[in-house]
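Enquirer: Have a look at this one.
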Amino acid sequence: MTSFKESVVLVTGANGGIGTQLVQQALERGAAKVYATARTPRAWDDDRVVPLALDVTDPASIAAAVQAAPDVTVLINNAGASVPSPGILTHTDEDIARNVATNFVGPLNLSRAFAPILLGNAPAALINVHSALSWYAVAGIYSATKAALWSVTNSLRLELAPAGVQVVGVHVGWVDTPMAAGAEGPKTDPADLVRTVFDATEAGRHEVLADDVSVQVKAALSQPLEALYPQLGEPAA
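This is how it looks when you write it as structure tokens:
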């Protein structure tokens with residue numbers, strides 16, 4: 426289990442709704458320092474927050490972040506890209522490239538780059554924010570990249586956990602942020618999501634199902650495919 430007291434946290438996508446809560450709640454739990462990263466970092470009103478420029482799709486930017494933050498004990502991969510339409514056949518080449526770079530390759534490269542630091546500062550933690558859509562392929566390339574990140578998280582956990590790095594995978598449905606502004610249905614408050622994630626991390630858990638949607642979708646994975654995707658119709662006799 427990982428305590429946030431006196432921790433040094435790095436948050437990607439810190440300017441967004443979830444990212445802001447990650448920064449604030451880490452401080453509330455006693456973090457000594459939080460690197461709040463974004464392509465264009467903003468000012469914060471707390472001396473414990475260190476704004477840091479980071480583009481997770483740029484290897485040079487990742488390398489610079491590693492040099493700037495050698496004291497990290499908790500890495501949180503939160504930055505993400507979305508898509509304007511659900512069908513994978515309707516996505517543009519740009520949609521696909523952006524989602525692959527931001528949702529999959531970026532967190533993978535950042536995790537690999539910071540792994541030696543986390544191992545050297547263990548006990549430490551790596552938190553990857555997935556989505557319920559990593560198990561539910563209705564969002565095209567977004568779902569595909571989140572599924573790939575989920576698999577990466579599982580692989581990293583097997584490698585890092587024995588050396589004292591807790592790896593936490595987070596699954597959640599819609600969160601009440603600008604990214605989900607056009608989505609219908611219930612949305613989780615970012616503050617509630619982060620509280621759930623941090624509680625689970627401090628309790629030593631490996632996986633967080635942050636809402637009812639995530640619980641239901643994961644349960645459906647053990648059922649026939651038609652249970653998760655009723656649009657496929659009844660299974661053949």
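Sequential numbering of the sequence shown, starting at 426, is according to my numbering.
Even glycine gets a Cβ: it sits at the ideal position worked out from N, Cα and C.
(1) What are the residues that DSSP puts in a beta bridge with Gln-641?
(2) What distance in whole Å lies between the Cβ atoms of Gly-589 and Ala-504, which are believed to be in contact at a cut-off of 8 Å?
(3) According to the Cβ coordinates, are Val-481 and Ala-461 closer than 8 Å?
(4) What first and last residue would you give for the beta strand (DSSP E) that runs through Glu-632?
(5) When the distance is taken between beta carbons, is Phe-429 closer than 8 Å to Ala-468?
(6) Secondary structure at Lys-430, three-state DSSP: helix, strand or coil?
(7) Taking Ile-487 as the reference, give the member of Ala-540, Gln-656, Val-554 and Glu-632 with the closest Cα.
(8) Applying the 10 Å Cβ sphere with the 16-neighbour rule, what's the burial state of Val-563?
(9) At the level of alpha carbons, what is the spacing between Gly-508 and Leu-653?
(10) When the Cβ atoms of the segment 572 to 589 are set against those of the segment 551 to 561, are three or more pairs found closer than 8 Å?
(11) Need the endpoints of the alpha helix (DSSP H) that Asn-579 sits in, please.
(12) Measure the C-alpha to C-alpha separation of Val-491 and Ala-538 and round it to an integer number of angstroms.
(13) I'd like to know whether the C-beta atoms of Thr-570 and Val-525 end up nearer to each other than 8 Å.
(14) Does the Cβ-Cβ distance between Asn-534 and Pro-484 come in under 8 Å?
(15) Closest to Ala-478 by C-alpha separation, out of Asp-472, Asp-470 and Thr-465, would be which residue?
(16) Please report the straight-line C-alpha distance between Pro-655 and Ala-645, rounded to a whole angstrom.
(17) If you reduce the DSSP assignment to three classes, tell me which class Gly-545 lands in.
Expert: Let me lay it out:
(1) According to DSSP, Gln-641 bridges with nothing at all.
(2) In fact, because the Cβ distance is near 25 Å, the residues do not count as touching under 8 Å.
(3) no
(4) 632 to 634
(5) no
(6) coil
(7) Ala-540
(8) exposed
(9) Sequence check: residue 508 is Val here, not Gly. Taking the straight line from one Cα to the other gives about 22 Å.
(10) yes
(11) 566 to 585
(12) 7 Å
(13) yes
(14) yes
(15) Thr-465
(16) 11 Å
(17) helix
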